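In this note's numbering, the protein residues as written are 2 to 158. Glycine is no exception: its CB is placed at the ideal position from the N, C-alpha and C atoms. Here the structure is a predicted model, which is why all the values come from computation and not from measurement.
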Amino acid sequence: MTLNASALRIAATCIGLAAIANCAAGVAQTAQEKPLAITPAAATQWGPCPPIFPNGCQIAVLHGDPAKPNADVFLRVPAGYEIPAHTHTSPERMVLVEGQLRVRYDGAGEEMLSVGEYAYGPARLPHVARCMSSTQCTLFIAFEGPVDAIAHEGAMQ
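Right, here's the structure in full:
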């Protein structure tokens, strides 16, 4: 089937209008959300990490509902703390805010994160970490899915 010039113009117009409508819908959805800027030290409410982590680990929700997709959290551990092998059902995007953290994902070498450095962890990939600094380590973590932590029982490579 071939389209004449008139049909092509109509199709292009329809595609353009659909794109504008989708864009406007996205703006409307974004406009419903409220902007947020906080000073974490003053406004952060810390609580315990999921039970798979030893005492000393703390978590604070910065934005969103941890039971739903797209929550942002701080995770804080004391100096020398070892985060045991675990996975998440969601990918995680992390920036180290405080301290120095050694991270290792299954099948990859160890990485040492310093303040301001970024790390990405794929969903369901086992990993461990250790706070290597003489002060606490704090990570900003953005989850795509609900926030969870599942103990990893097998050996890591």
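P127 sits buried, since 16 or more C-beta atoms from the chains shown fall within 10 Å of its C-beta. With a threshold of 16 other beta carbon atoms within 10 Å, G117 falls short and is exposed.
Between A68 and M95, the C-beta gap is not smaller than 9 Å, which leaves the two residues out of contact. In terms of Cβ geometry, V148 and V74 form a close pair [threshold 9 Å]. For F75, the enclosing beta strand (DSSP E) begins and ends at 73–78.
For E112, the enclosing beta strand (DSSP E) begins and ends at 112–115. Taking a 10 Å sphere around the C-beta of E111, we find fewer than 16 other C-beta atoms and assign the residue as exposed.
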